[in-house]
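A.B. asks:
In the working numbering, the protein residues as written are 1382 to 1539.
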């Protein structure tokens, strides 16, 4: 696909107990990354994306889709931190750079409906054929959604 999306091929919960793999009914079963309904400290998902060998000439963006079955009104605030890592380099030692905060808003009428946000990835340079290593941090102090939620991160070009 010339403009994506590319999905993470590996995800791990750096902060255990607060975030977890989650399945939600969305006309079937939607699997993705989840966040706890309870109050918590900042929580981090570590994600890895393989970039294609040829990139479009447009801007790479992190696209987050979200689903929450009991959302009454609230947001999840994310702070993506990432780096593009060349084949032959070690991803664990990469210096990741922050994009700043972005919000995934769940309005009152959004129960079991997709919501979306997009954020330009320009803290580092996306390089064809490299691996994007990303820590997707949920900012607990700024997050107001009080129900569990599923989110689906992907990279697109627009």
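All residues carry an ideal CB built from backbone N, CA and C; glycine is no exception.
In this text, all values refer to a predicted model and were calculated from it rather than measured experimentally.
From the DSSP secondary-structure annotation, give me the bridge partner or partners of residue 1531.
C.D. replies: Within the chain shown, numbered from 1, the residue matching residue 1531 stands at position 150. Residue 1531 pairs with 1415, 1448.
A.B. asks: Using a 10 Å radius around the Cβ and a threshold of 16 neighbouring Cβ atoms, would you call residue 1400 buried or exposed?
C.D. replies: What you label residue 1400 is simply residue 19 of the chain shown in a count that begins at 1. Residue 1400 should be labelled buried.
A.B. asks: Under 8 Å by Cβ, that's how I've got residue 1527 and residue 1413 pegged, so tell me the actual separation to the nearest angstrom.
C.D. replies: Counting from one through the chain shown, the residue named residue 1527 turns up at place 146. Counting from one through the chain shown, the residue named residue 1413 turns up at place 32. No, residue 1527 and residue 1413 are not in contact; Cβ-Cβ is about 19 Å, not under 8 Å.
A.B. asks: Taking residue 1395 as the reference, which of 1437, 1457, 1473, 1388 has the closest Cα?
C.D. replies: Start at 1 with the first residue of the chain shown, and residue 1395 comes out as number 14. Measuring from the Cα of residue 1395, the nearest candidate turns out to be 1473.
A.B. asks: Write down the C-beta distance between residue 1530 and residue 1448 rounded to the nearest angstrom, noting that I regard them as a contact closer than 8 Å.
C.D. replies: Taking the first residue of the chain shown as position 1, residue 1530 is located at position 149. Taking the first residue of the chain shown as position 1, residue 1448 is located at position 67. 7 Å between Cβ atoms; contact.
A.B. asks: Check the DSSP bridge columns for residue 1460 and list the partner residues they point to.
C.D. replies: To locate residue 1460, count along the chain shown from 1; it is residue 79. Paired residue(s): 1518.
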